[in-house]
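So the sequences go chain by chain: A and B.
The opening position of the first sequence corresponds to residue 239 in this note's numbering, with each subsequent residue numbered one higher.
The opening position of the second sequence corresponds to residue 89 in this note's numbering, with each subsequent residue numbered one higher.
Just so it is clear, CB atoms sit at the ideal spot from N, CA and C, and this is done for glycine as well.
Here is the structure we will look at, set down as structure tokens.
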Amino acid sequence: MTFKKTAITAGLIAGFGLIAAACTQQKEEHMGMGHPYGDEVWSGYATATPETRAMQDDDFENPFMPYVDVAAEIYDSPQGEANKSCADCHGAPDDAEGGPMGIPMKGVGARYPIYDAEMHRPINVELRVNRCRTKYQKAKPFKYESDELLGMTGLVVMQSRGMPRVTTADQVGDELYPAWLQGKAFYYQRRGQLDLACKHCHEDNAMNMVRAELLSQGQSNGFPTYRLKWQKPGSLHRRFRGCNKNIRSIPFAYGAEEYLNLETYLAWRGKGLPVEGPSVRK
Amino acid sequence: MKLTKLTFAVTAAVVAGGVTFAAQAVDGVTFKIVDGTIPESLTGKSGDPVNGKKVVVGRKKGNCLACHIMPIPEEQFHGLTGPDLHGVADRMDEAELRMRIVDPKVVSFDTMMPSFYRTGQHRVLEKFQGKTILSAQEVEDVIAYLMTLKDES
Chain A
239 MTFKKTAITA GLIAGFGLIA AACTQQKEEH MGMGHPYGDE VWSGYATATP
289 ETRAMQDDDF ENPFMPYVDV AAEIYDSPQG EANKSCADCH GAPDDAEGGP
339 MGIPMKGVGA RYPIYDAEMH RPINVELRVN RCRTKYQKAK PFKYESDELL
389 GMTGLVVMQS RGMPRVTTAD QVGDELYPAW LQGKAFYYQR RGQLDLACKH
439 CHEDNAMNMV RAELLSQGQS NGFPTYRLKW QKPGSLHRRF RGCNKNIRSI
489 PFAYGAEEYL NLETYLAWRG KGLPVEGPSV RK
Chain B
89 MKLTKLTFAV TAAVVAGGVT FAAQAVDGVT FKIVDGTIPE SLTGKSGDPV
139 NGKKVVVGRK KGNCLACHIM PIPEEQFHGL TGPDLHGVAD RMDEAELRMR
189 IVDPKVVSFD TMMPSFYRTG QHRVLEKFQG KTILSAQEVE DVIAYLMTLK
239 DES
């Protein structure tokens, strides 16, 4: 009798386990949770020319660095009505302890964008720098895509160089999950007169040639980047805007929620890639 | 979004029936899709292959070389994302080519190829809104040029 009960119980548990496993599997298939690139994730660095790579690899050659140098001065100098510098709270950019606040810059570039509880949406490094300026330094925010904000973003991101990008935004229940879903929808939606979704070039045809251009996976781990074509540093949102305009689609504004969602989704597509910012690209 | 649905509907109709058709109107030009082809010229006239080649090469026109290899050796770097168009006239007739230039999604739902004679795409830049990539006559000219691409062998 006892044996029978135990057997039934064990059977039931096993049965439920199987059902649960099946449900999970079904849900994952339904949600398209598998990673689109499998293990074949590669950075734009992989296909950059030796000259471009050399420029990125040597900070004295990297044309982004003068902007970082200017930002480092701003980082150390008191800003706004609060008369506080970034260093007053966070210590030096490379301070592992993160200064009096205990929030080091190292790691930021690897885990951003994160969920912003104030705005209930993702926040990226650019907007987080500006949040510090307005909220804690009582200073004016930098204009998006200004030399100052690009430099400051580069300074913060480079503290995480070589660290793998981390994200759990694809997990149901993660605060960023709704943004991840929105970003994914954006990625697969055709847009513009040329009627292309991100996926047509960067998923279906990555490593393929469009005229003389090699299509990349469209990874974001090198941003902010110095783009030789621009002869200037640029943000990921500038790149999004350029892509959108190339396919004759209305771009979104710098810092727009649509782009923050896409940035969140792309971080997941490039999960595990090393932070390269500020990189150099053609 | 609406147009995506429309494309779905057209595709469904073509697949379901043997010989079905759907009439479409773009830019005041009405044309019939018959079994995944557009048999009749959009303009009622035949195309000019010489101008067609110019449209094919023009980066702000067809820009076909972005994705296709074509027998145009004077232009460098032909893209590889689309099929090689050498000898395409041996494989397809005008009606099939016309469908693939006007709106290739009707026959290939997931293709990256733009629809060269369609409007209403999502979030189109203002200066291109309500406009087709090519004019009806340019589409006919491109078809006339493509029909000259026969295998020499």
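For residue i, which residues does DSSP report across the bridge?
i              : result
I160 (chain B) : The partner list for I160 (chain B) (beta bridge, DSSP) is empty, contrary to what the question assumes.
P471 (chain A) : A:Y464
A309 (chain A) : According to DSSP, A309 (chain A) bridges with nothing at all.
G487 (chain A) : It is Ser, not Gly, that sits at residue 487 (chain A) in the sequence shown. BP columns for S487 (chain A) point to B:V212.
A113 (chain B) : B:T118
T125 (chain B) : B:V122
P512 (chain A) : A:P402
Q317 (chain A) : A:K322
R429 (chain A) : A:L434
Residue i: buried (16+ other C-beta within 10 angstroms of its C-beta) or exposed?
i              : result
M201 (chain B) : buried
R479 (chain A) : buried
G246 (chain B) : Lying outside 89 to 241, the shown extent of chain B, residue 246 (chain B) is not represented and no answer is given.
T220 (chain B) : buried
E267 (chain A) : Here the model assigns E267 (chain A) a pLDDT of 39, short of 50, so the residue's position is not dependable, and the following value carries that caveat. Answer is exposed; the Cβ neighbour count stays below 16.
L434 (chain A) : buried
E514 (chain A) : buried
V448 (chain A) : buried
M343 (chain A) : buried
N484 (chain A) : exposed
T463 (chain A) : buried
R147 (chain B) : exposed
S384 (chain A) : exposed
W468 (chain A) : exposed
K133 (chain B) : exposed
Y426 (chain A) : exposed
N482 (chain A) : buried
P161 (chain B) : exposed
I'd like the list of long-range same chain contacts for residue i, defined as Cβ closer than 6 angstroms, with 5 residues on each side in sequence excluded.
i              : result
G337 (chain A) : C327, H328, G329
N499 (chain A) : A417, Q420, G421
E319 (chain A) : K376
M235 (chain B) : A177
T169 (chain B) : C155
Q263 (chain A) : The predicted model places Q263 (chain A) with a pLDDT of 43, which falls under 50 and marks its position as unreliable, so this point remains unresolved.
P288 (chain A) : none
K149 (chain B) : V143
Q521 (chain A) : In this structure chain A extends from 239 to 520, so residue 521 (chain A) is not present and cannot be described.
A299 (chain A) : What sits at residue 299 (chain A) in the sequence shown is Glu, not Ala. Only M293 meet the Cβ criterion.
Which residue marks the beginning of the beta strand (DSSP E) containing residue i, and which one marks its end?
i              : result
K120 (chain B) : 117-122
R371 (chain A) : Careful: R371 (chain A) lies outside any beta strand (DSSP E) and carries neither H nor E.
R449 (chain A) : First-last for R449 (chain A): undefined, no H or E at that position.
D354 (chain A) : 352-354
P360 (chain A) : 359-361
Looking at residue j and residue i, is the spacing between their C-beta atoms short of 7 angstroms?
i              : j              : result
V195 (chain B) : Y205 (chain B) : no
R465 (chain A) : R519 (chain A) : yes
R211 (chain B) : R476 (chain A) : no
S315 (chain A) : N459 (chain A) : no
L173 (chain B) : M187 (chain B) : no
T125 (chain B) : Q225 (chain B) : no
Y382 (chain A) : G493 (chain A) : yes
L432 (chain A) : Y305 (chain A) : no
I231 (chain B) : G135 (chain B) : yes
E441 (chain A) : L474 (chain A) : no
W506 (chain A) : D412 (chain A) : no
To which residues of the same chain is residue i closer than 8 angstroms at the C-beta, ignoring the five residues directly before and after it?
i              : result
Y313 (chain A) : S323, C324, A325, P331, M390, L393
G345 (chain A) : Q397, S398, M401
I361 (chain A) : Y350, P351, I352, Y353, D354, R369, L498
L452 (chain A) : T285, M445, N446
For the alpha helix (DSSP H) that residue i lies in, which residues bound it at each end?
i              : result
I189 (chain B) : 182-190
R519 (chain A) : Per DSSP, R519 (chain A) belongs to no alpha helix (DSSP H); it is in the beta strand (DSSP E), 517-519.
H440 (chain A) : 436-440
L504 (chain A) : 495-507
N139 (chain B) : 137-145
A334 (chain A) : Neither: A334 (chain A) is in no alpha helix (DSSP H) and is coded neither H nor E.
D385 (chain A) : 385-395
I231 (chain B) : 224-234
V404 (chain A) : Per DSSP, V404 (chain A) belongs to no alpha helix (DSSP H) and is neither H nor E.
T290 (chain A) : 288-295
F424 (chain A) : 415-426
V176 (chain B) : 176-179
R349 (chain A) : 346-349
Whose C-beta lies closer than 7 angstroms to the C-beta of residue i among residues of the same chain, with five residues either side of it excluded?
i              : result
F96 (chain B)  : Caution applies to F96 (chain B), whose pLDDT of 42 falls short of 50 and renders its modelled position unreliable; the model cannot decide the point.
F521 (chain A) : Since the first and last residues shown for chain A are 239 and 520, residue 521 (chain A) lies out of range.
R291 (chain A) : Y283
D333 (chain A) : P342
C152 (chain B) : V144, M158
Between residue i and the ligand PLP, is there a pair consisting of the residue's CB and a ligand heavy atom that are separated by less than 6 angstroms?
i              : result
W468 (chain A) : Ligands displayed in this structure: none; no statement on the ligand PLP is therefore possible.
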